[in-house]
Amino acid sequence: MSDDDARGARIVVFGATGYTGRLVAEALVDRGERPVLAGRDPSRLAAVADPLGGLPTVVADASRSESVAAALEPGDVLVSTVGPFTRLGGPAVRAAADLGATYLDSTGEGAFIREVFERHDARARSNGARLLPALGYDWAPGNLAGALALREAGDAATALDVGYFLSGNDTLAMSAGTSATTVTSLADRSYTFRDGALRTERAAARVLSFEVDGRQRPALSVGATEQLSLPRLHDGVRDVNVYLGWFGGRTRALQAFGLGVGALTALPPGRSLLRALTARAPGGRSGAGPDEATRAETGSVVVAVARAADGVPLAEVRLEGANPYTFTARFLAWAAEQARAGRIAGSGAMGPAEAFDLDVLERGMAEAGLARV
Numbered sequence: 001m002s003d004d005d006a007r008g009a010r011i012v013v014f015g016a017t018g019y020t021g022r023l024v025a026e027a028l029v030d031r032g033e034r035p036v037l038a039g040r041d042p043s044r045l046a047a048v049a050d051p052l053g054g055l056p057t058v059v060a061d062a063s064r065s066e067s068v069a070a071a072l073e074p075g076d077v078l079v080s081t082v083g084p085f086t087r088l089g090g091p092a093v094r095a096a097a098d099l100g101a102t103y104l105d106s107t108g109e110g111a112f113i114r115e116v117f118e119r120h121d122a123r124a125r126s127n128g129a130r131l132l133p134a135l136g137y138d139w140a141p142g143n144l145a146g147a148l149a150l151r152e153a154g155d156a157a158t159a160l161d162v163g164y165f166l167s168g169n170d171t172l173a174m175s176a177g178t179s180a181t182t183v184t185s186l187a188d189r190s191y192t193f194r195d196g197a198l199r200t201e202r203a204a205a206r207v208l209s210f211e212v213d214g215r216q217r218p219a220l221s222v223g224a225t226e227q228l229s230l231p232r233l234h235d236g237v238r239d240v241n242v243y244l245g246w247f248g249g250r251t252r253a254l255q256a257f258g259l260g261v262g263a264l265t266a267l268p269p270g271r272s273l274l275r276a277l278t279a280r281a282p283g284g285r286s287g288a289g290p291d292e293a294t295r296a297e298t299g300s301v302v303v304a305v306a307r308a309a310d311g312v313p314l315a316e317v318r319l320e321g322a323n324p325y326t327f328t329a330r331f332l333a334w335a336a337e338q339a340r341a342g343r344i345a346g347s348g349a350m351g352p353a354e355a356f357d358l359d360v361l362e363r364g365m366a367e368a369g370l371a372r373v
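Numbering of the sequence shown is given in UniProt numbering, commencing with residue 1 and proceeding in unit increments.
As structure tokens, this is what we get:
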């Protein structure tokens, strides 16, 4: 993107009336930006836009690519917070890929991330679009920590394990959207990078413990962007595994629950039942989530361990800092500014360590509240 194009580009927050969308809009305004807020309901958009200085709004329907495309211009930066992404996210990413826009989102859903990389990459490359899914707490920090660990370990590193944990209050106060997607993700097929290739596996297939705050904490395997992106940056890496450690002593029980949910949803009636249940997921009404004081009770810890072929650790990188929601909003705001300024390298579907210089990425995450310790 040329400097002239960058100056004319807009930042459009899609799903701005939802919990994460509102936080992203607020974070952008805090940075001196005036994003365009997009969503289905004009009155709800106005309720978010007016207190933020009368931000511009545009009506767009998440279920129709043409509706999303009508809200965009080539070169715009689209920040999508519309979830669950496996059900609602496709039209937005298709619209961005077709228009040659930059697409960023807040998903943590492995099935959707894989869809972006495998179904939309070629179209995005042909149109000069840049697609960066999962650019919040899940799963941007692990890309940075993993890339730093692999860089420090050098050519001897063949494997990488990344773990995501909470500090302070070990129980994350979730938004309605996170509650729903946590359950549905257990029903989706997951993946990992093993023996030099991406491999499909069931969700929560494995448990690995990491040392965090002086104790061993278990975590469940998840599909993320690290498995899709980091092997492209480090040819010698044969295994990349990502784990989510939010659940403490309930980890094994949740793994068993995931196995049951996976069996239940193997047939269409089971999938319909799960959709009905998650529509009533805990977390309150749609758009609800923890307030600032509640978020301040819980922080983030991300650990990446690069290993030799025999499993011996060669390098470890640890990031600590802000609450997952707070970090997500701030980092998406930072990344949107970088994208509008034309500072994303290349095109197509990519992870953050591919899109940004590693030192720039580290500074951006620290600015958003998550820094190396």
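Quick reminder that beta carbons are idealized off the backbone N, C-alpha and C, glycines included.
**Study point:** Alpha carbon of F117 to alpha carbon of L72, nearest angstrom
**Key:** Walking along the sequence shown from the start, residue 117 turns up at place 117. Walking along the sequence shown from the start, residue 72 turns up at place 72. Approximately 21 angstroms, taken between the alpha carbons.
Check your understanding: At which residue ranges does the stretch 84-127 contain complete alpha helix (DSSP H) runs of 4 or more residues, listed in the order of the chain?
Key -> 85-88, 90-99, 110-119, 121-127
Check your understanding: Quick one: what does DSSP say N323 is sitting in, helix, strand or coil?
Key -> By 1-based counting over the sequence shown, the position of residue 323 is 323. N323: coil per DSSP, three-state reduction.
Check your understanding: Is the beta carbon of G15 less than 8 angstroms from the beta carbon of G54?
Key -> Along the sequence shown, read from residue 1 onward, the residue named residue 15 stands at position 15. Along the sequence shown, read from residue 1 onward, the residue named residue 54 stands at position 54. In this structure, G54 does not lie closer than 8 angstroms to G15 by Cβ.
Point to revise | Contacts around A149, its chain only, beta-carbon distance under 7 angstroms, and the 5 residues preceding and following it disregarded | key: For this step, residue 149 is matched to residue 149 along the sequence shown. L160, A304, V305, A306, A315, E316, V317.
Point to revise | Outcome for G168 when other beta-carbon atoms lying within 10 angstroms are tallied against a minimum of 16 | key: Start at 1 with the first residue of the sequence shown, and residue 168 comes out as number 168. Exposed: under 16 other Cβ atoms inside 10 Å.
**Study point:** Neighbourhood of G299 by C-beta, 8 angstroms cutoff - its chain only, sequence neighbours within 5 removed
**Key:** What you label residue 299 is simply residue 299 of the sequence shown in a count that begins at 1. Cβ neighbours of G299 beyond the five flanking positions: L166, S167, G168, E320, G321, A322, N323.
Check your understanding: How many angstroms separate the CA atom of T107 from the CA atom of H234?
Key -> For the purposes of this step, residue 107 is identified with residue 107 of the sequence shown, where counting begins at 1. For the purposes of this step, residue 234 is identified with residue 234 of the sequence shown, where counting begins at 1. Using only the alpha carbons, I get a separation of about 25 angstroms.
Review point. To the nearest angstrom, how far is it from the Cα of F85 to the Cα of E109?
Key: In the sequence shown, the residue the question calls residue 85 occupies position 85. In the sequence shown, the residue the question calls residue 109 occupies position 109. Each residue's Cα considered, the two are about 7 angstroms apart.
Practice item. Please work out which residues of its chain come closer than 6 angstroms, Cβ to Cβ, to S67, disregarding the five sequence neighbours upstream and downstream, and give them in chain order. Key: Here residue 67 refers to the residue found at position 67 of the sequence shown. Answer for S67: A60, D61, listed in chain order.
Check your understanding: For D5, which residues from the same chain have a beta carbon less than 8 angstroms from its beta carbon, with the 5 sequence-adjacent residues on both sides left out?
Key -> Against the sequence shown, residue 5 aligns to sequence position 5. With a pLDDT of only 46 at D5, under 50, the local geometry of the prediction cannot be trusted, and no value is derived from it.
Exercise for review: Report the partner residues of I11 according to the DSSP bridge assignment.
Suggested key: On the sequence shown, position 11 is the one that residue 11 refers to. I11 pairs with V77.
Exercise for review: State the DSSP-derived secondary structure class of T225, mapped to helix, strand or coil.
Suggested key: Here residue 225 corresponds to residue number 225 of the sequence shown, with the count starting at 1. Three-state result, T225: coil.
**Study point:** Test: L230 CB closer than 8 angstroms to a CB of chain D
**Key:** Any reference to chain D falls outside this structure, which holds one protein chain only.
Check your understanding: According to the neighbour-count rule (16 or more other Cβ atoms, all chains shown, within 10 Å of its Cβ), is E364 buried or exposed?
Key -> Mapped onto the sequence shown, residue 364 falls at position 364. In the sequence on display, residue 364 carries Gly and not Glu. That one is buried.
Exercise for review: Look at the alpha carbon of R10 and the alpha carbon of V36, and state the distance between them as a whole number of angstroms.
Suggested key: Counting from 1 along the sequence shown, the entry for residue 10 is found at position 10. Counting from 1 along the sequence shown, the entry for residue 36 is found at position 36. Taking the straight line joining both Cα atoms gives about 7 angstroms.
Point to revise | When A371, W334, G346 are compared against V79, the one with the closest alpha-carbon | key: As a working note, residue 79 is residue 79 in the sequence shown. The option with the nearest alpha carbon to V79 is W334.
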